[in-house]
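Every letter in the sequence shown is one number past the one before it in this note's numbering, and letter 314, counting from 1, is 315.
Backbone N, C-alpha and C define an ideal beta-carbon position, used for all residues, glycine too.
Just so we're clear, the structure is a prediction, and the values are computed from it rather than from any experiment.
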Amino acid sequence: MLIGSGFSEGLKLPGTAAITEHVRSLTQYSVLADQNREVPLGNVLSKIASSYYDSPTFEIYLHLVECMLSAASSRLGFALPDSQKVAFNAFMDLSPRLATVLVEQHLERFGREVMARVADFLDDAIAESAIEKRGVIRGFFTRLLKRHSLRVATLNYDDAIERSMQFWDGFTPEDPGSLDYASFEKAHVRELLHLHGSIRFAPSPPEVVPKGLPELVRYQSNKAAAPFRPLPLMQNTFTQAGERVFVGPMLSGLRKTDKLMIEPYNLYHHRFVSGLLSSPRFLCIGYGGADIYVNAAVAQARRIHGDRFRAVYVTKVDEDSSPSDLATLRALTMAAAHSITYAHELDGFLRRLKAAKLCLEENGMLLITSGFPLPDPLGDRVAAFLQ
């Protein structure tokens, strides 16, 4: 099972849009504007991103920070070792209008700390959310567990699932728990993989000296993790291309695959892919289709399993959506791939979906576009279809 932001939004928890607005309005990080006015860095990044991207999110803001810091740190060009040279500096200069942003120390702080600020925002949202969501999660997962073991890979940072049911997550039971490498050699009835991190994750406490690369630890609650989340894990992390990236308890930006060197991310990613390849059953809830490494893994599973592959996709699509809408196109891409090969066929796919009242079953695929949570009859239909 793969879970995206639509799952959390259906439970009245913040999704991508709410997190983006929160990051945009952060006042802890500022830059000096005209007439010595201080303006929030998030707002500046929003304006920079909006001049180029159609729908910029907080992930794009972080990506811009990583790009700007990469460019600024390699201005020496030929004097740097090859591993620290950034390719785009070979043929371009930064726009002068970004010069004042680049000299600000807040740019560095923003990159290091922004995901901890996002975690604080989610902490508050969890505390204010209705307790009833636990029953919704538990009821839906229990229905599936009657027939199957369950491996849940989530792209969300919140801990709504852990608050509802007990899952194996690869950590020892202490508080904080450390990675239990031996447990990854076994299969478990209920598994939870936080592919992009969690508000319960944090760097190891300062007194713990890592033997190799730093690892994350997992606390029993988000509140217990909160004081340790801002601790530096690897402040100066670079990709193979010499570009700066920020890695921590929660992954964001557009270079997530470059950030897998910190565990448990690499272990989780491997387990997600191996699960897809070993089982011909797949359930996807609320995923917007923006992570290409996830899309590639699902496409590979569909190819390997062939006609045995049965997949359910639960997403939210408006009845007046058209193929020209990028969000709709992304949300439907994996489901549509069961039935179509070329982009011009998407129009017909959408017509069939609307004719089926936004619940389409064809070619080993069940697509439900009314969003999560599902009413009981649809939940039963999902369980029966995967059986």
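Where residue i falls: helix, strand or coil (DSSP)
i, result
"Ala242", "coil"
"Leu378", "One point to set straight first is that residue 378 is Pro, not Leu, in the sequence displayed. DSSP places Pro378 in helix when its eight states are reduced to three."
"Asp20", "It should be noted that the sequence gives Ile, not Asp, for residue 20. The answer is helix: DSSP assigns Ile20 an H, G or I state."
"Ala203", "strand"
"Gly198", "strand"
"Asp256", "As written in the sequence, residue 256 is Arg, which differs from the Asp given in the question. Of the three classes helix, strand and coil, the one that applies to Arg256 here is coil, per DSSP."
"Arg1", "Residue 1 is absent from the structure shown; the chain starts at 2 and stops at 388."
"Tyr314", "strand"
"Val274", "helix"
"Val32", "strand"
"Thr342", "coil"
"Ala117", "helix"
"Gln301", "helix"
"Ala291", "coil"
"Lys355", "helix"
"Glu320", "coil"
"Ser9", "helix"
"Lys224", "helix"
"Val87", "coil"
"Glu129", "helix"
"Leu387", "helix"
"Asp326", "coil"
"Ser26", "coil"
"Leu123", "helix"
"Ser389", "Not covered by the structure: residue 389. The range shown for the chain is 2 to 388."
"Leu214", "coil"
"Arg14", "A small fix is needed here, since residue 14 is Leu in this sequence, not Arg. In the structure shown, Leu14 sits in coil (DSSP, three-state: anything other than H, G, I, E or B)."
"Leu108", "helix"
"Leu81", "coil"
Counterpart residues of residue i in DSSP-defined beta bridges
i, result
"Ile4", "Thr155, Ile286"
"Ile1", "Coverage of the chain is limited to positions 2 through 388, which leaves residue 1 absent and any answer about it impossible."
"Ile369", "Val315, Cys360"
"Arg219", "Gly178, Phe202"
Chain-order list of residues whose beta-carbon lies under 6 angstroms from that of residue i (same chain, five-residue window excluded)
i, result
"Glu363", "Ser340"
"Ser371", "Leu359"
"Tyr294", "Thr258"
"Gln388", "Arg148"
"Leu367", "Val313, Phe386"
"His189", "Trp169"
"Leu284", "Met2, Val313"
"Ala226", "Arg201, Ala203, Tyr220"
Own chain partners of residue i with C-beta closer than 7 angstroms, once the 5 adjacent residues on each side are dropped
i, result
"Gly290", "Asn296, Arg331, Ala332, Thr334, Met335"
"Phe373", "Gly7, Phe8, Gly11, Ile286, Gly287, Val315"
"Glu109", "Leu70"
"Pro281", "His306, Arg309, Phe310, Arg311"
"Leu354", "Leu361, Leu368, Thr370"
"Asp159", "Ser9, Leu14, Leu123, Ile127, Ile200"
Residue i at chain C interface by Cβ criterion, 7 angstroms
i, result
"Pro206", "Note that chain C does not occur in the displayed structure, where there is just one protein chain."
Residues near residue i in its chain [Cβ-Cβ closer than 8 angstroms; skip 5 each side]
i, result
"Phe185", "Gly171, Leu268, Arg272"
"Ala384", "Arg144, Leu145, Lys147, Arg148"
"Gly16", "Ser6, Gly7, Ser9, Glu10"
"Arg382", "Leu367"
"Ser51", "Pro57"
"Gln167", "Arg191"
At what residue ranges does the stretch 37-73 contain a whole run of the beta strand (DSSP E), taking only runs of 3 or more? 39-41
Looking at C-beta atoms only, is the number of pairs between the stretch 249-257 and the stretch 189-200 that lie closer than 8 angstroms three or more? yes
Could you check whether the stretch 110-127 touches the stretch 238-257, counting it as contact only if at least three pairs of C-beta atoms, one from each stretch, sit closer than 8 angstroms? yes
Secondary structure, beta strand (DSSP E): runs of 3+ residues fully inside the stretch 133-192: 151-155
contact_flag[the stretch 13-32, the stretch 58-65] where n(CB pairs < 8 angstroms) is 3 or more: yes
Is it the case that the stretch 149-159 contacts the stretch 32-43, given that we only count it when at least three CB pairs across the two stretches are under 8 angstroms? no
The stretch 130-144 touching the stretch 176-185, judged by at least three CB pairs closer than 8 angstroms: no
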